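A.B. asks: Pasting a structure below so you can have a look.
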Amino acid sequence: MDNLSVTSLSPPDRLLCGPGPSNVGRGVLAAMQKPMLGHLDPDFHDILLEVMDLQRRVYRAQGAGLVIPMHCTGTAGMEAGLASLLAPGEKIIVAQCGFFGRRISEIAGRYGAEVISVEADWGESVSNEALLAALDEHPDTRVMAVVHGETSTGIEHPVQELGAALAGRDTFLLVDCVTTLGGVPLEFDAWGVDYAYSCTQKCVGAPPGMSPIAVSERALAHIRSRDTQVPWSFDLELLERYWVERPVVYHHTAPILHIYALHEALREALEEGLETRWARHAEAGAHLQREVKSRGLELLADPDHQLAPLTAVRVPEGVDGKAVQTRMLREHDIEIGGGLGPVAPPMWRLGLMGSNASVATADRLLAAFDGVLAEEQALTRAT
Ligand SMILES: Cc1ncc(COP(=O)(O)O)c(C=O)c1O
163 MDNLSVTSLS PPDRLLCGPG PSNVGRGVLA AMQKPMLGHL DPDFHDILLE
213 VMDLQRRVYR AQGAGLVIPM HCTGTAGMEA GLASLLAPGE KIIVAQCGFF
263 GRRISEIAGR YGAEVISVEA DWGESVSNEA LLAALDEHPD TRVMAVVHGE
313 TSTGIEHPVQ ELGAALAGRD TFLLVDCVTT LGGVPLEFDA WGVDYAYSCT
363 QKCVGAPPGM SPIAVSERAL AHIRSRDTQV PWSFDLELLE RYWVERPVVY
413 HHTAPILHIY ALHEALREAL EEGLETRWAR HAEAGAHLQR EVKSRGLELL
463 ADPDHQLAPL TAVRVPEGVD GKAVQTRMLR EHDIEIGGGL GPVAPPMWRL
513 GLMGSNASVA TADRLLAAFD GVLAEEQALT RAT
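Numbering (the numbering used here), first residue to last: 163 to 545.
See below:
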């Protein structure tokens, strides 16, 4: 018999101040230690109903046709929406000012859609005027897609104004809420969003592994009337039969403990109060941004569209951005992000999300960052 020399895991205790995942609070971790149930247990089905109700409240989506967490990544939540709303040859207008807008275009292209990208430089925001001009040029567009919080640059898109401008039009509004749900004001119903997807690992405050989505009544009606099939795992009608219908119809084995975690994270968000939570993220982000600028560093995002939970900081000339990131991790147990993708300008991405969205966490991050940066700058001067 083999001698087992591998011990149980003992991962380091890190402060996760990058673009996500963020740290998970005690209550959420404790929820994952509750007794396992089977995915076909009627008591578990009551929990599903409660999770959907909590998620509806956090999305402010009481009027939506379907609100469920998908058991997948944020990217797969994005893909599920694109697969469900678009048929080959149909048009989608995509606001593209960073990595994740580009990802929407790429996935839509894989489903055979005609992609009309409206682009802006890194750190800029795509204007709603430009998106609406593209729609005037292509009035038969099926989907207009925007990223509410572009995590690769720290840009927040004014979704509310876009939703108002699209009212009364047939084009569906698809919004990436991966970095905004639970941390930035978001009103699914009132803003006229048709499909929103998020993730659990950022401002929601749960571990990665699920994508909470919301689908409007009219988008759901469209999905029900499709005559082309979508991939099995993204079939919202089949998922609805598990989540909503009783008795449930098996689709796949649900990740029970993750659902407990999401339940607790959503419950805590509502217990805190959404407005209070949004204000906490805004205060922490504004504090960090002010402090970073006061050190003579430059933020990447247009200040008129700066996202609160994610601050992108340009790496000063001559400084090795990656070395700073590595030393933050190794010497201070603090994770920060770098630029995402091959065309991103050199940057650090600092995230204050979920339980980390506080002035105290920002100050802890800054104290470590100041020391590391000063040493790296001294090294630059010496060489
Ligand atoms: C804005 C945005 N959209 C989509 C995603 C993709 O989410 P995931 O990594 O869970 O697939 C991310 C991930 O960071 C993101 O920040």
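Where a beta carbon is used, it is the ideal one built from N, C-alpha and C, also for glycine.
Computed from a prediction, not measured in an experiment: that's the story for all the values here.
Okay, do the region 387-402 and the region 335-349 touch, 3+ Cβ pairs below 8 Å being the bar?
C.D. replies: no
A.B. asks: To the nearest angstrom, how far is the alpha carbon of Tyr422 from that of Pro197?
C.D. replies: 10 Å
A.B. asks: Shortest alpha-carbon distance to Leu512 belongs to which of Glu399, Gly182, Phe396 and Leu401?
C.D. replies: Gly182
A.B. asks: Let me check you understand the geometry: is the CB of Thr237 closer than 6 Å to at least one non-hydrogen atom of ligand 1?
C.D. replies: yes
A.B. asks: Residue ranges of each beta strand (DSSP E) run of no fewer than 3 residues wholly in the region 266-349, ordered along the chain?
C.D. replies: You should have 276-281, 305-309 and 334-338.
A.B. asks: On the premise that Tyr273 lies in contact with Ala376, defined as a C-beta separation below 8 Å, what is that separation, rounded to the nearest angstrom?
C.D. replies: At roughly 21 Å, the Cβ-Cβ gap does not stay under 8 Å, so Ala376 and Tyr273 are not in contact.
A.B. asks: With C-beta atoms as the reference, is Ala446 less than 7 Å away from Ile317?
C.D. replies: no
A.B. asks: Which residue or residues does DSSP assign as beta-bridge partners of Thr473?
C.D. replies: Leu512
A.B. asks: Asn133: buried (16+ other C-beta within 10 angstroms of its C-beta) or exposed?
C.D. replies: It is not possible to answer for residue 133, since the shown part of the chain is limited to 163 through 545.
A.B. asks: I'd like to know whether the C-beta atoms of Glu312 and Phe350 end up nearer to each other than 7 Å.
C.D. replies: Not a contact, by the Cβ cut-off of 7 Å.
A.B. asks: Given that a residue counts as buried once 16 or more other Cβ atoms are within 10 Å of its Cβ, and exposed if not, what is Pro504?
C.D. replies: exposed
A.B. asks: Sort Asp283, Cys339, Gly285 and His300 by Cα distance to His310 and report the nearest one.
C.D. replies: Cys339
A.B. asks: Quick one: is the Cβ of Thr342 within less than 6 Å of any heavy atom of ligand 1?
C.D. replies: no
A.B. asks: Just reading off the beta strand (DSSP E) that Ile254 is part of, what are its end residues?
C.D. replies: Note, Ile254: beta strand (DSSP E), Lys253 to Gln258.
A.B. asks: Taking 8 Å as the cut-off, does the region 402-414 touch the region 223-242 (at least 3 CB pairs, one atom from each stretch)?
C.D. replies: yes
A.B. asks: Return the first residue and the last residue of the beta strand (DSSP E) that Ile230 is part of.
C.D. replies: Note, Ile230: beta strand (DSSP E), Leu228 to Met232.
A.B. asks: Starting from Tyr412, trace the beta strand (DSSP E) in both directions and tell me its first and last residue.
C.D. replies: Where Tyr412 is concerned, there is no enclosing beta strand (DSSP E), given that its DSSP letter is neither H nor E.
A.B. asks: Is Asp338 near ligand 1, judged by its Cβ being under 6 Å from some heavy atom?
C.D. replies: At least one heavy atom of ligand 1 is nearer than 6 Å to the Cβ of Asp338, so yes.
A.B. asks: Would you kindly work out how many angstroms separate the C-alpha atoms of Leu202 and Ala416, rounded to a whole number?
C.D. replies: Linking Leu202 to Ala416 through their CA atoms gives a straight-line distance of about 9 Å.
A.B. asks: Would DSSP call Glu407 helix, strand or coil?
C.D. replies: coil
A.B. asks: Which same chain residues end up closer than 8 Å to Met490 when comparing Cβ atoms and leaving out the 5 residues on each side of it in sequence?
C.D. replies: Ile496, Glu497, Ile498, Ala530, Phe531 and Val534
A.B. asks: Using the Cα positions of Ala368 and Gly236, report the straight-line distance between them to the nearest angstrom.
C.D. replies: Between Ala368 and Gly236, the alpha-carbon positions lie close to 13 Å from each other.
A.B. asks: Cβ atoms of Ala307 and Val256: under 7 Å apart, would you say?
C.D. replies: yes
A.B. asks: Sorry if obvious, but does the Cβ on Gly182 come closer than 6 Å to a heavy atom of ligand 1?
C.D. replies: yes
A.B. asks: Can Cys361 be considered in contact with ligand 1, in the sense that its beta carbon sits closer than 6 Å to one or more heavy atoms?
C.D. replies: Flag set: Cβ of Cys361 near ligand 1.
A.B. asks: Rounded to whole angstroms, what is the Cα-Cα separation between Ala485 and Leu527?
C.D. replies: 16 Å
A.B. asks: So, Ala536 versus Phe396, is the Cβ gap smaller than 7 Å?
C.D. replies: no
A.B. asks: Take Ser314 as the anchor and find which of Ser167, Glu430 and Leu472 has the nearest alpha-carbon.
C.D. replies: Leu472
A.B. asks: Can you tell which of Ser520, Leu541 and Gln539 has the C-alpha that lies nearest to the C-alpha of Cys179?
C.D. replies: That would be Ser520, whose Cα lies nearest to the Cα of Cys179.
A.B. asks: Are there any heavy atoms of ligand 2 lying less than 6 Å away from the beta-carbon of Val309, as far as the coordinates show?
C.D. replies: In the structure on display, ligand 2 does not appear, and the ligands it does have are ligand 1.
A.B. asks: Using a Cβ-Cβ cutoff of less than 7 Å, which residues in the same chain neighbour Gln217 once the five nearest sequence positions on both sides are dropped?
C.D. replies: The residues are Val229, Pro231, Pro374 and Leu428.
A.B. asks: Please classify Gln224: is it buried, with 16 or more other beta-carbons within 10 angstroms of its beta-carbon, or exposed?
C.D. replies: exposed
A.B. asks: Of all Cβ atoms in chain B, is any one closer than 7 Å to the Cβ of Val410?
C.D. replies: Of the protein chains in the structure, only one exists, and it is not chain B.
A.B. asks: Whose CA, out of Gly330, Val477 and Ala270, lies closest to the CA of Thr542?
C.D. replies: Each of Gly330, Val477 and Ala270 was checked against the Cα of Thr542, and the nearest Cα belongs to Val477.
A.B. asks: Tell me the residue span of the alpha helix (DSSP H) that contains Pro204.
C.D. replies: First-last of the alpha helix (DSSP H) with Pro204: Pro204 to Tyr221.
A.B. asks: Where does the unbroken alpha helix (DSSP H) through Ser246 begin, and where does it stop?
C.D. replies: Gly236 to Leu247
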